[in-house]
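Beneath this line is the structure, given in C-alpha cells, with notes to follow.
2 protein chains.
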Amino acid sequence: MSDNNNMKRRQFIKRAAVAGSIAAGAALSPSVYAAKRFNWKLTTTWPPNFPIFQDGVKRFADDVKKMSGGALNIQVFAAGELVPAMQTFDAVSQGTVQMGHGAGYYWIGKIPCAAFFTSVPFGMNAQGMNAWLYSGGGLELWREIYAPHNLVPFPMGNTGVQMGGWFRKEIKSIEDLKGLKMRIPGLGGKVIAKAGVNPVLLAGGEIYTALERGTIDATEWVGPYHDERLGLYRAAKFYYYPGWQEPGPTLELTVNRKAWEDLPAELKMIVETAAMASNMWMLSEFEAKNLDALDKLKNKFNVQVYAFPDDVLRQLRQFTTEVLNEEAEKDKDFKRVLDAYSAFRKTNDAWSVISEAAYARTQSL
Amino acid sequence: MSDNNNMKRRQFIKRAAVAGSIAAGAALSPSVYAAKRFNWKLTTTWPPNFPIFQDGVKRFADDVKKMSGGALNIQVFAAGELVPAMQTFDAVSQGTVQMGHGAGYYWIGKIPCAAFFTSVPFGMNAQGMNAWLYSGGGLELWREIYAPHNLVPFPMGNTGVQMGGWFRKEIKSIEDLKGLKMRIPGLGGKVIAKAGVNPVLLAGGEIYTALERGTIDATEWVGPYHDERLGLYRAAKFYYYPGWQEPGPTLELTVNRKAWEDLPAELKMIVETAAMASNMWMLSEFEAKNLDALDKLKNKFNVQVYAFPDDVLRQLRQFTTEVLNEEAEKDKDFKRVLDAYSAFRKTNDAWSVISEAAYARTQSL
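Protein sequence lines correspond, in order, to chains A and B. Quick note on numbering: the first sequence equals residues 4 to 368 in the numbering used here. Quick note on numbering: the second sequence equals residues 4 to 368 in the numbering used here.
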C-alpha cells in the first residue's frame with residue numbers, strides 16, 4: 004500500500020507535470036535550476052528496504068532532488084552499505100557523509116540527554132513530541148546539544164506508540180520479569196533492569212535468532228507492521244501492549260554542520276521542509292498500517308495480545324522516575340533537558356486532559 | 004511565541020545562509036533558479052492576523068518563495084481583502100485567484116461530503132485524519148470529489164480537538180439545550196438541532212456582539228487560544244469541553260486546476276511538501292499554545308471549565324449517527340465518502356485501543 008500510494012503520488016505529480024510542460028511552454032528545466040550542484044551521501048541506521056523508515060528517507064531524498072531541480076542530489080545508503088548503523092553519528096559528525104538518519108537515543112553513550120529527542124519511557128506521544136520540538140523550544144535545545152558535535156538535527160519520522168514487546172511466557176506480575184534477558188535499548192533497559200531484567204542490546208537482524216534459541220527471553224522491537232516482518236511470532240507467542248518504553252519516538256535527520264553551512268538558503272529551506280513533511284508521512288504510514296499487520300498476527304499466526312497488568316505499569320513508571328532522577332544527577336545537560344521537557348509536558352498533559360483524552364473517552368460512552 | 008519562534012527559525016536559516024555564501028563561493032542566486040516566474044494570489048477564509056491560521060498560510064507562502072528561489076511568489080490575502088471568506092471556493096474554482104485556504108466543511112452547501120475532509124462530529128482526531136488522508140486513500144478521494152470543481156486540495160493545518168463552546172447557562176442534561184440559539188456550523192449544527200437547538204451561522208467577527216447582546220445563547224469557536232482573543236469570556240462564563248463537533252479539523256489548501264497544471268514538476272513538489280510541513284506546524288502550534296490561554300481564561304477572567312455530562316455526549320453521538328445516515332441517503336457521494344471514512348476509522352480505532360488509548364491510560368495509573 005505504501006509503494007502503491009507513493010506510486011500514485013508520483014503519477015499525480017508526473018501526469019500534471021507533463022500537462023504542465025505543454026500548457027506552460029517554457030517550463031523550468033533542471034539545468035537552469037541551480038548554479039552549483041551538491042552530491043551528498045546519507046547513511047541510515049536501518050536495514051535495506053526496512054519499510055516506512057528506509058522508505059521515508061528515500062522519499063525525502065527524492066523530494067529534495069525534485070524540489071531543487073537536481074541541485075541537491077542525496078544518495079541514500081542503508082546501514083552497513085557504507086557505514087555501520089551505530090557509527091552513523093560519528094560519520095556525519097566527522098563529515099565522512101553529509102547526512103544521517105536514525106534516532107537520538109542510539110547515542111546516549113555519548114550524549115545521555117539525546118534520549119529526550121527520541122522518546123523516554125512514559126514520556127510524550129508523537130503529537131506531544133512534535134508540539135515540543137516545533138513550537139515549544141525543543142528543537143532549539145536539540146540543536147544546541149548537538150552543536151559541539153558538528154551536527155544539525157531535524158525531526159524526521161515517528162513510529163507512534165510502539166508495542167511493549169514479545170515474551171516467551173505470560174507476565175502476571177512484576178516478579179515475572181525477574182531474571183529475564185530482554186532485548187531493550189536505552190532508558191527503557193535501565194528502567195526494566197530495576198525489575199530484575201537483564202537488558203541486552205541487539206541489532207534488528209540478530210533478534211529473531213536470539214529469541215528463537217532462547218539466548219534472550221523477550222524483546223521489544225517496533226510495532227505489528229515491523230514485528231511481523233521480523234517473524235518474531237515464530238519465537239514467542241505473548242505480545243504485550245502498550246509500549247511504555249517508547250510512546251512516540253521521533254526519528255532524526257542529522258546534517259554535518261560544515262555541509263549545512265555550505266548550502267545556499269534555498270536548499271536549506273528545502274531540506275528543512277522536506278524533513279518536516281517526512282516526519283508527518285512516516286507517522287501516518289505507521290498509523291495506517293499497524294492494524295492490518297496486527298490482524299494478520301492474531302488471525303494467521305495465533306499470536307495472543309496481552310495488556311501489561313496495571314500494577315506492572317505502575318511500578319515501571321515509578322522506576323522511570325528514579326532512573327530519570329539518577330541520570331540527571333550524573334549529567335548536567337540531562338538535567339537541563341529533563342527540566343525543559345518536563346515543563347512543556349506538564350502543560351501539554353493538562354491541555355490533553357480536556358482535549359484529546361476527554362474526546363477519546365467519548366468513544367466508549 | 005509564534006513570531007518569536009518563527010524569527011528564530013528565520014535567523015537560523017539566514018545566519019547559516021550568510022556563512023554558506025562565504026563558504027560555498029558560488030552559492031545559488033535567485034535569478035538563476037527558474038526560467039519562468041509565477042506570481043500567484045492566495046485568498047483565505049481567515050481574518051487578517053488571525054493567529055496560527057493566517058500565520059501558517061503566510062509561513063507556507065514564505066517557504067515556497069524561498070524554496071523556489073522566488074520562482075513561485077504567492078501573495079496572501081485575508082478574508083475580505085480581495086474575496087469574501089465564503090467565496091474562496093468559487094474564486095479558486097473560477098481561477099480569479101490561484102489558491103485558497105479554508106476548510107472543506109465551509110462548502111457543504113455545494114458538496115455535502117466535503118465535511119469529511121475537515122472533521123465530522125465524533126469523528127477522527129488529527130492523527131487519525133492525517134493517517135487517513137496521506138496513507139489511507141483519503142486524499143485521493145478528496146481530489147476526486149473536488150476535481151469537477153477544478154480544484155486540487157491539500158491538507159494544510161489542523162486545530163487538534165476543539166472546545167465544545169461557550170454557554171450562558173450550565174448544561175446539566177440534554178433538555179437544557181432545548182430552545183437555545185447557538186452559533187455552530189455544518190454537521191455539528193444538524194446534530195445539535197436534534198436536541199432542540201436552533202443552530203445559526205455567524206462569521207467570527209459577529210460572534211462576540213451576538214453573544215453579548217443575547218441574540219445567541221451559545222457559540223462554539225476554536226479553542227482557548229482563539230476564543231480568548233475574541234473576548235468570548237466577557238459574554239458567557241460556562242466553557243465546555245470536549246469539542247465533540249470538531250475533534251481534529253483539517254484545514255485545506257486549494258489550487259485552481261489550470262494553474263496547478265501550469266506549474267513545472269519542481270514547483271508542484273515544493274507546494275505539496277510545504278503544505279504538508281504547514282499541516283504539521285499548525286497542529287504543533289495549537290498543541291503548544293492552548294493551555295497557556297486556558298490558564299489565562301481561568302485565572303485572569305474567572306472562566307469556569309465544564310465537561311459535558313456523559314449523557315449529553317451519548318445522546319449527541321446517537322444523533323450524529325442519525326444525521327450521517329440521513330445525509331448518506333440524500334447524496335451518493337456523501338455515502339461513498341462516509342463508507343470509506345468509516346472503514347478506515349474502524350481499523351484506526353482498533354489500533355488506537357492498544358496504542359494511543361492504552362498508553363494514555365498509563366498516565367493516570
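Even for Gly, the Cβ is constructed at its ideal location relative to N, Cα and C.
Could you list which residues in chain A have their beta carbon closer than 9 angstroms to that of Trp-247 (chain B), in chain order?
Along the second sequence, read from residue 1 onward, the residue named residue 247 (chain B) stands at position 244. Ordered by position in chain A, the residues that pass the 9 angstroms Cβ test against Trp-247 (chain B) are Tyr-362 and Thr-365.
Could you tell me the distance, in whole angstroms, from the CA atom of Ser-34 (chain B) to the CA atom of Val-274 (chain B)?
Translated into the one-based positions of the second sequence, residue 34 (chain B) becomes position 31. Translated into the one-based positions of the second sequence, residue 274 (chain B) becomes position 271. Interpretation of Ser-34 (chain B) is limited by its pLDDT of 39, a score under 50 that renders its predicted location unreliable; the figure taken from the coordinates is listed afterwards. Distance between the alpha carbons of Ser-34 (chain B) and Val-274 (chain B): 20 angstroms.
For Ala-150 (chain B), does the count of other Cβ atoms within 10 angstroms reach 16, so buried, or fall short, so exposed?
Residue numbering aside, residue 150 (chain B) sits at position 147 when the second sequence is read from its first letter. Exposed: under 16 other Cβ atoms inside 10 Å.
For Arg-196 (chain B), collect the residues of the same chain with a Cβ closer than 8 angstroms to its Cβ; drop the 5 residues on either side in sequence, then sort them by chain order.
Working through the second sequence from its first residue, we reach residue 196 (chain B) at position 193. The sequence given here places Ala at residue 196 (chain B); Arg does not occur at that position. Excluding positions up to five away in sequence, the list reads Pro-202.
Name, please, each residue of chain A whose Cβ falls closer than 7 angstroms to the Cβ of Asp-66 (chain B).
Residue numbering aside, residue 66 (chain B) sits at position 63 when the second sequence is read from its first letter. Near Asp-66 (chain B) (Cβ distances below 7 angstroms), the residues of chain A are Met-272 and Thr-276.
Just the C-alpha distance for Gly-140 (chain A) and Ala-343 (chain A), rounded to the nearest angstrom, thanks.
Your numbering for residue 140 (chain A) matches position 137 in the first sequence. Your numbering for residue 343 (chain A) matches position 340 in the first sequence. Cα to Cα, the separation comes out at about 8 angstroms.
Smallest Cα separation from Glu-329 (chain A): which of A:Lys-193, A:Met-166, A:Val-258 and A:Leu-142?
For the purposes of this step, residue 329 (chain A) is taken as residue 326 along the first sequence, with counting starting at 1. For the residues A:Lys-193, A:Met-166, A:Val-258 and A:Leu-142, the minimum Cα distance to Glu-329 (chain A) belongs to A:Lys-193.
Under 8 angstroms by beta carbon: chain A residues contacting Asn-133 (chain B):
For the purposes of this step, residue 133 (chain B) is taken as the residue at position 130 of the second sequence. Neighbours of Asn-133 (chain B) on chain A, chain order: Met-283, Leu-286, Ser-287 and Glu-290.
Given a limit of 8 angstroms on CB to CB distance, which residues of the stretch 296-330 of chain B reach chain A?
Cβ contacts with chain A come from Leu-297, Val-308, Ala-310, Asp-313, Leu-316, Arg-317 and Arg-320.
Taking Thr-47 (chain A) as part of the beta strand (DSSP E), name the residues at either end of that continuous run.
Against the first sequence, residue 47 (chain A) aligns to sequence position 44. Per DSSP, Thr-47 (chain A) belongs to the beta strand (DSSP E) from 41-47.
Can you give me, in chain order, the residues of the stretch 74-85 of chain B that have a beta carbon less than 9 angstroms from any beta carbon in chain A?
Within the stretch 74-85 of chain B, the qualifying residues are Ala-74.
Mapping DSSP to helix, strand and coil, what is Leu-266 (chain B)?
In the second sequence, counting from the first residue as 1, residue 266 (chain B) sits at position 263. Of the three classes helix, strand and coil, the one that applies to Leu-266 (chain B) here is coil, per DSSP.
Cβ-based contacts, 7 angstroms cut-off: residues of the stretch 152-173 of chain B near chain A:
Under the 7 angstroms Cβ criterion, the stretch 152-173 of chain B contributes Gly-163 and Val-164.
Any contact between the stretch 145-160 of chain B and the stretch 305-313 of chain A? By contact I mean 3 or more CB pairs, one from each, below 8 angstroms.
No, they do not touch.
Report yes or no: do three or more beta-carbon pairs, one from the stretch 100-119 of chain A and one from the stretch 242-249 of chain B, lie closer than 8 angstroms?
Judged by Cβ distances under 8 angstroms, the stretch 100-119 of chain A makes no contact with the stretch 242-249 of chain B, as fewer than three pairs qualify.
To the nearest angstrom, report how far apart Ser-358 (chain A) and Phe-41 (chain A) are at their CA atoms.
For this step, residue 358 (chain A) is matched to residue 355 along the first sequence. For this step, residue 41 (chain A) is matched to residue 38 along the first sequence. When rounded, the distance between both Cα atoms is 45 angstroms.
Is there a C-beta anywhere in chain A that falls below 7 angstroms from the one on Ile-114 (chain B)?
By one-based count along the second sequence, residue 114 (chain B) stands at place 111. With 7 angstroms as the cut-off, Ile-114 (chain B) does not count as an interface residue toward chain A.
Answer yes or no: does any C-beta atom of chain B fall closer than 7 angstroms to that of Thr-350 (chain A)?
The sequence position of residue 350 (chain A) within the first sequence is 347, counting from 1. So yes, Thr-350 (chain A) belongs to the interface.
Taking 7 angstroms as the threshold (beta carbon to beta carbon), is Ala-118 (chain A) in contact with chain B?
Walking along the first sequence from the start, residue 118 (chain A) turns up at place 115. No, Ala-118 (chain A) lies away from the interface with chain B (no Cβ there is under 7 angstroms from its Cβ).
To which residues of the same chain is Arg-216 (chain A) closer than 8 angstroms at the C-beta, ignoring the five residues directly before and after it?
Residue numbering aside, residue 216 (chain A) sits at position 213 when the first sequence is read from its first letter. So no residue of the chain qualifies.
Residues near Tyr-36 (chain B) by beta carbon distance below 7 angstroms, same chain, minus five either side
The count along the second sequence starts at 1 and reaches residue 36 (chain B) at position 33. In this prediction, Tyr-36 (chain B) scores a pLDDT of 49, lower than 50, which makes its location untrustworthy; no coordinate-derived value is stated.
Give me the DSSP bridge partner(s) of Lys-184 (chain B).
Indexing the second sequence from 1 puts residue 184 (chain B) at position 181. Paired residue(s): B:Asn-201.
Could you tell me which chain B residues have their CB closer than 8 angstroms to the CB of Ser-96 (chain A), listed as they occur along the chain?
One-based indexing of the first sequence puts residue 96 (chain A) at position 93. Ser-96 (chain A) does not reach chain B, its nearest Cβ partner there being about 17 angstroms away, counting only Cβ pairs nearer than 8 angstroms.
Cβ-Cβ distance between Ala-88 (chain A) and Ala-94 (chain A) below 7 angstroms:
For the purposes of this step, residue 88 (chain A) is taken as the residue at position 85 of the first sequence. For the purposes of this step, residue 94 (chain A) is taken as the residue at position 91 of the first sequence. No, Cβ-Cβ distance for Ala-88 (chain A) and Ala-94 (chain A) is not below 7 angstroms.
Comparing the CB of Gly-168 (chain A) with every heavy atom of the ligand COA, is any distance shorter than 6 angstroms?
With respect to the ligand COA, the structure offers nothing, as it holds no ligand at all.
Roughly how many whole angstroms lie between the Cα atoms of Ala-26 (chain B) and Glu-264 (chain A)?
Along the second sequence, one-based indexing puts residue 26 (chain B) at 23. Along the first sequence, one-based indexing puts residue 264 (chain A) at 261. Unreliable placement is indicated for Ala-26 (chain B), whose pLDDT of 34 sits below 50; no coordinate value is reported for it.
Beta-carbon separation (whole angstroms), Asp-230 (chain A) vs Arg-171 (chain A), contact threshold 8 angstroms
To locate residue 230 (chain A), count along the first sequence from 1; it is residue 227. To locate residue 171 (chain A), count along the first sequence from 1; it is residue 168. Approximately 15 angstroms separates the beta-carbon atoms of Asp-230 (chain A) and Arg-171 (chain A); this is outside 8 angstroms, ruling out the contact.
For the alpha helix (DSSP H) that Tyr-149 (chain B) lies in, which residues bound it at each end?
If you number the second sequence from 1, residue 149 (chain B) lands on position 146. Taken as a continuous stretch (DSSP letters only), the alpha helix (DSSP H) holding Tyr-149 (chain B) covers 141-149.
Let me check understanding here. Comparing Cα to Cα, which of A:Gly-191, A:Asp-352, A:Ala-291 and A:Arg-317 lies closest to Ser-122 (chain A)?
Taking the first residue of the first sequence as position 1, residue 122 (chain A) is located at position 119. Nearest neighbour of Ser-122 (chain A) by Cα position, chosen from A:Gly-191, A:Asp-352, A:Ala-291 and A:Arg-317, turns out to be A:Gly-191.
Under 8 angstroms from the C-beta of Leu-383 (chain A): neighbouring residues of chain B
No statement about residue 383 (chain A) is possible, as the shown extent of chain A runs from 4 to 368 and does not include it.
6 angstroms CB neighbourhood of Ala-29 (chain A) in its chain, flanking five on each side removed:
Your numbering for residue 29 (chain A) matches position 26 in the first sequence. Because Ala-29 (chain A) carries a pLDDT of 35, less than 50, the predicted location of this residue cannot be relied on, and no value is offered for it.
May I have the straight-line CA-CA distance separating Ala-118 (chain B) from Ile-111 (chain A), to the nearest angstrom?
Working through the second sequence from its first residue, we reach residue 118 (chain B) at position 115. Working through the first sequence from its first residue, we reach residue 111 (chain A) at position 108. Near 46 angstroms, if we compare the C-alpha coordinates of Ile-111 (chain A) and Ala-118 (chain B).
From the DSSP output, in three-state form, read off Leu-372 (chain B) for me.
No answer is possible for residue 372 (chain B): it lies beyond the span of chain B, which begins at 4 and ends at 368.
Segment limits, beta strand (DSSP E) that includes Glu-255 (chain A):
Against the first sequence, residue 255 (chain A) aligns to sequence position 252. Looking at the DSSP string, the run of the beta strand (DSSP E) that includes Glu-255 (chain A) is 253-259.
Can you tell which of A:Gly-199, A:Lys-61, A:Leu-235 and A:Ala-198 has the C-alpha that lies nearest to the C-alpha of Met-285 (chain A)?
Here residue 285 (chain A) corresponds to residue number 282 of the first sequence, with the count starting at 1. Per the C-alpha coordinates, the member of A:Gly-199, A:Lys-61, A:Leu-235 and A:Ala-198 positioned closest to Met-285 (chain A) is A:Lys-61.
Could you tell me the distance, in whole angstroms, from the CA atom of Gly-107 (chain B) to the CA atom of Glu-143 (chain B)?
Mapped onto the second sequence, residue 107 (chain B) falls at position 104. Mapped onto the second sequence, residue 143 (chain B) falls at position 140. The alpha-carbon of Gly-107 (chain B) is positioned some 15 angstroms away from that of Glu-143 (chain B).
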